[in-house]
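Numbering (the numbering used here), first residue to last: 2 to 194.
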(Lines of atoms letter the chains of each structure in order from A and count residues from 1; the text may use other names and numbers.)
(Lines give C-alpha, C1' and ligand atoms only; values in the text may rest on other atoms or scores of the structure.)
Protein backbone atom coordinates (compact mmCIF):
# COMPACT_ATOMS: atom_id res chain seq x y z
CA UNK A 1 0.00 0.00 0.00
CA UNK A 2 1.45 3.30 -1.09
CA UNK A 3 0.79 6.44 0.96
CA UNK A 4 0.85 9.57 -1.07
CA UNK A 5 2.35 12.81 0.09
CA UNK A 6 -1.13 14.33 0.29
CA UNK A 7 -2.34 11.50 2.56
CA UNK A 8 0.73 11.94 4.86
CA UNK A 9 0.06 15.68 5.08
CA UNK A 10 -3.63 15.06 5.88
CA UNK A 11 -2.69 12.47 8.53
CA UNK A 12 -0.16 14.84 10.12
CA UNK A 13 -2.72 17.67 10.16
CA UNK A 14 -5.29 15.38 11.78
CA UNK A 15 -2.73 14.25 14.38
CA UNK A 16 -2.01 17.88 15.26
CA UNK A 17 -5.69 18.87 15.30
CA UNK A 18 -6.79 16.09 17.67
CA UNK A 19 -4.79 17.25 20.73
CA UNK A 20 -5.85 20.85 20.03
CA UNK A 21 -9.52 19.84 19.90
CA UNK A 22 -9.15 17.78 23.08
CA UNK A 23 -7.54 20.75 24.82
CA UNK A 24 -10.52 22.85 23.75
CA UNK A 25 -12.95 20.32 25.26
CA UNK A 26 -11.02 19.83 28.52
CA UNK A 27 -11.98 23.17 30.13
CA UNK A 28 -15.65 22.50 29.40
CA UNK A 29 -15.50 19.08 31.02
CA UNK A 30 -13.59 20.55 33.95
CA UNK A 31 -16.16 23.34 34.41
CA UNK A 32 -18.96 20.79 34.73
CA UNK A 33 -17.22 18.72 37.41
CA UNK A 34 -18.50 19.54 40.90
CA UNK A 35 -16.18 21.67 42.99
CA UNK A 36 -14.70 20.26 46.17
CA UNK A 37 -15.92 21.48 49.55
CA UNK A 38 -14.09 24.65 50.62
CA UNK A 39 -13.67 26.86 53.66
CA UNK A 40 -12.02 26.82 57.08
CA UNK A 41 -14.81 24.90 58.87
CA UNK A 42 -14.51 21.97 56.45
CA UNK A 43 -11.47 20.80 58.42
CA UNK A 44 -13.68 20.10 61.45
CA UNK A 45 -16.13 17.91 59.51
CA UNK A 46 -15.58 14.29 60.61
CA UNK A 47 -13.32 12.39 58.19
CA UNK A 48 -15.22 9.11 58.57
CA UNK A 49 -18.53 7.85 59.92
CA UNK A 50 -21.65 9.85 60.72
CA UNK A 51 -21.32 13.47 59.62
CA UNK A 52 -18.44 12.80 57.22
CA UNK A 53 -18.67 14.18 53.70
CA UNK A 54 -19.00 10.65 52.26
CA UNK A 55 -21.89 9.73 54.57
CA UNK A 56 -23.60 13.11 54.10
CA UNK A 57 -23.50 12.68 50.31
CA UNK A 58 -25.69 9.56 50.58
CA UNK A 59 -28.42 10.97 52.84
CA UNK A 60 -31.11 13.61 52.26
CA UNK A 61 -30.17 17.02 53.63
CA UNK A 62 -31.89 17.11 57.05
CA UNK A 63 -30.79 13.55 57.81
CA UNK A 64 -27.25 14.36 56.65
CA UNK A 65 -27.16 17.48 58.84
CA UNK A 66 -28.17 15.40 61.87
CA UNK A 67 -24.84 13.58 61.66
CA UNK A 68 -22.75 16.76 61.46
CA UNK A 69 -21.75 18.00 64.94
CA UNK A 70 -21.57 21.62 63.67
CA UNK A 71 -25.29 21.58 62.77
CA UNK A 72 -26.99 20.19 65.91
CA UNK A 73 -28.80 23.46 66.74
CA UNK A 74 -30.06 23.74 63.15
CA UNK A 75 -31.35 20.16 63.26
CA UNK A 76 -33.16 20.85 66.56
CA UNK A 77 -34.72 23.98 64.99
CA UNK A 78 -35.80 22.03 61.88
CA UNK A 79 -37.51 19.47 64.12
CA UNK A 80 -39.31 22.20 66.12
CA UNK A 81 -40.51 23.81 62.89
CA UNK A 82 -41.60 20.46 61.42
CA UNK A 83 -39.35 20.93 58.37
CA UNK A 84 -37.27 17.72 58.44
CA UNK A 85 -39.48 15.78 56.02
CA UNK A 86 -40.08 18.85 53.86
CA UNK A 87 -36.35 19.35 53.27
CA UNK A 88 -35.59 15.65 52.95
CA UNK A 89 -38.23 15.31 50.21
CA UNK A 90 -37.25 18.37 48.14
CA UNK A 91 -35.00 17.74 45.13
CA UNK A 92 -32.02 19.81 43.94
CA UNK A 93 -32.03 22.49 46.63
CA UNK A 94 -29.36 24.61 48.28
CA UNK A 95 -29.34 25.05 52.04
CA UNK A 96 -27.39 27.88 53.68
CA UNK A 97 -27.00 26.02 56.96
CA UNK A 98 -26.19 28.09 60.07
CA UNK A 99 -23.61 26.39 62.26
CA UNK A 100 -23.95 26.09 66.03
CA UNK A 101 -21.59 29.08 66.28
CA UNK A 102 -24.03 31.07 64.10
CA UNK A 103 -26.91 30.33 66.46
CA UNK A 104 -24.67 31.19 69.44
CA UNK A 105 -24.38 34.76 68.09
CA UNK A 106 -28.10 35.28 68.80
CA UNK A 107 -28.74 36.46 72.38
CA UNK A 108 -30.04 33.50 74.40
CA UNK A 109 -33.42 35.11 75.19
CA UNK A 110 -33.96 35.95 71.50
CA UNK A 111 -33.00 32.43 70.41
CA UNK A 112 -35.34 30.90 73.00
CA UNK A 113 -38.18 33.13 71.76
CA UNK A 114 -37.45 32.23 68.12
CA UNK A 115 -37.43 28.50 68.86
CA UNK A 116 -40.76 28.84 70.70
CA UNK A 117 -42.50 30.65 67.81
CA UNK A 118 -43.09 28.00 65.12
CA UNK A 119 -44.37 30.45 62.48
CA UNK A 120 -41.40 32.81 62.87
CA UNK A 121 -38.94 29.90 63.09
CA UNK A 122 -40.34 28.41 59.87
CA UNK A 123 -39.99 31.80 58.16
CA UNK A 124 -36.35 32.14 59.26
CA UNK A 125 -35.40 28.56 58.37
CA UNK A 126 -37.05 28.58 54.92
CA UNK A 127 -35.18 31.84 54.21
CA UNK A 128 -32.03 29.67 54.31
CA UNK A 129 -33.22 27.39 51.49
CA UNK A 130 -33.15 28.05 47.74
CA UNK A 131 -35.26 25.78 45.53
CA UNK A 132 -32.41 24.91 43.16
CA UNK A 133 -28.83 23.69 43.37
CA UNK A 134 -26.43 26.61 43.28
CA UNK A 135 -22.94 26.03 41.93
CA UNK A 136 -19.85 27.67 43.40
CA UNK A 137 -19.54 29.73 40.21
CA UNK A 138 -23.05 31.11 40.79
CA UNK A 139 -22.07 32.26 44.30
CA UNK A 140 -19.68 34.88 42.85
CA UNK A 141 -22.42 37.45 42.34
CA UNK A 142 -25.76 35.77 42.92
CA UNK A 143 -29.30 36.69 43.84
CA UNK A 144 -31.63 33.81 44.69
CA UNK A 145 -35.25 33.54 45.76
CA UNK A 146 -35.62 31.47 48.92
CA UNK A 147 -38.43 29.09 49.86
CA UNK A 148 -39.55 31.81 52.29
CA UNK A 149 -40.18 33.99 49.22
CA UNK A 150 -37.58 36.73 49.58
CA UNK A 151 -34.18 37.03 47.97
CA UNK A 152 -30.75 36.51 49.43
CA UNK A 153 -27.51 37.55 47.74
CA UNK A 154 -24.04 36.04 47.52
CA UNK A 155 -20.68 37.51 46.58
CA UNK A 156 -17.10 36.32 46.55
CA UNK A 157 -14.48 34.28 44.77
CA UNK A 158 -12.03 31.45 45.33
CA UNK A 159 -12.94 30.06 48.73
CA UNK A 160 -14.27 33.29 50.28
CA UNK A 161 -17.98 34.01 49.90
CA UNK A 162 -20.54 36.03 51.85
CA UNK A 163 -24.31 35.81 52.01
CA UNK A 164 -26.28 39.06 52.31
CA UNK A 165 -22.99 40.92 52.73
CA UNK A 166 -22.24 39.74 56.27
CA UNK A 167 -22.64 35.99 56.76
CA UNK A 168 -19.58 34.02 55.64
CA UNK A 169 -19.70 30.59 54.03
CA UNK A 170 -17.35 28.66 56.33
CA UNK A 171 -17.67 25.29 54.60
CA UNK A 172 -19.17 25.37 51.14
CA UNK A 173 -20.25 22.95 48.45
CA UNK A 174 -21.06 20.05 50.78
CA UNK A 175 -23.17 17.56 48.84
CA UNK A 176 -26.08 15.53 50.17
CA UNK A 177 -28.39 13.19 48.28
CA UNK A 178 -30.78 16.03 47.41
CA UNK A 179 -29.00 19.28 48.19
CA UNK A 180 -25.88 21.39 48.18
CA UNK A 181 -25.13 22.69 51.67
CA UNK A 182 -23.29 25.94 52.39
CA UNK A 183 -22.46 26.19 56.11
CA UNK A 184 -22.71 29.83 57.21
CA UNK A 185 -21.44 31.63 60.31
CA UNK A 186 -24.51 33.83 60.89
CA UNK A 187 -28.23 33.04 61.02
CA UNK A 188 -29.86 34.84 58.07
CA UNK A 189 -32.91 36.90 58.94
CA UNK A 190 -35.55 37.59 56.27
CA UNK A 191 -35.58 41.34 55.47
CA UNK A 192 -39.09 41.86 56.89
CA UNK A 193 -38.31 40.09 60.19
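C-beta: ideal position from N, C-alpha, C; glycine also.
From a predicted model like this one, the values you see are computed outputs, not experimental measurements.
- Task: Using only alpha-carbon positions, find the residue among 50, 81, 118, 74 that is nearest to residue 184.
- Result: 74
- Item | Enclosing beta strand (DSSP E) for residue 121 [first to last residue] | Note, residue 121: premise wrong, no beta strand (DSSP E); alpha helix (DSSP H) at 119 to 127.
- Ends of the alpha helix (DSSP H) at residue 104? 101 to 105
- Message: Quick check on residue 36: does DSSP put it in helix, strand or coil?
- Response: coil
- Query: With contact counted as at least three CB pairs below 8 Å, one residue from each stretch, are the region 159 to 166 and the region 98 to 117 in contact?
  - Reply: no
- Message: Among 61, 54, 91, whose alpha-carbon lies nearest the alpha-carbon of residue 70?
- Response: 54
- CB contact flag (residue 166, residue 154, <9 Å): yes
- Task: For residue 76, I'd like the list of residues in its chain whose CB is within less than 6 Å of its CB, leaving aside the five on either flank, ordered along the chain.
- Result: 66, 67
- Is the CB-CB distance between residue 94 and residue 46 below 9 Å? no
- Pick from 176, 80, 192 that is closest to residue 147, judged by C-alpha positions: 192
- On the three-state DSSP scale, how would you describe residue 151? coil
- Runs of alpha helix (DSSP H) wholly within the region 46 to 78 (minimum 4 residues, chain order): 54 to 59, 62 to 67
- Query: Hey, out of 127, 141, 140, 87, whose CA is closest to residue 151's CA?
  - Reply: 127
- Message: Give me, in chain order, the residues of the same chain whose beta-carbon lies closer than 7 Å to that of residue 135; leave out the 5 immediate sequence neighbours on both sides.
- Response: 95, 143, 145, 181
- Take residue 88 and list the residues in its own chain whose beta-carbon comes closer than 6 Å to its own, dropping the five residues that flank it on each side. 62, 63
- C-beta atoms of residue 103 and residue 177 nearer than 9 Å: no
- Cβ-based burial, residue 105 [other Cβ within 10 Å; buried from 16]: exposed
- Message: Taking 8 Å as the limit between beta carbons, can you name the residues of its chain near residue 119, skipping five residues before and five after?
- Response: 81, 82, 83
- Query: Taking just the CA atoms, how far does residue 179 sit from residue 91?
  - Reply: 7 Å
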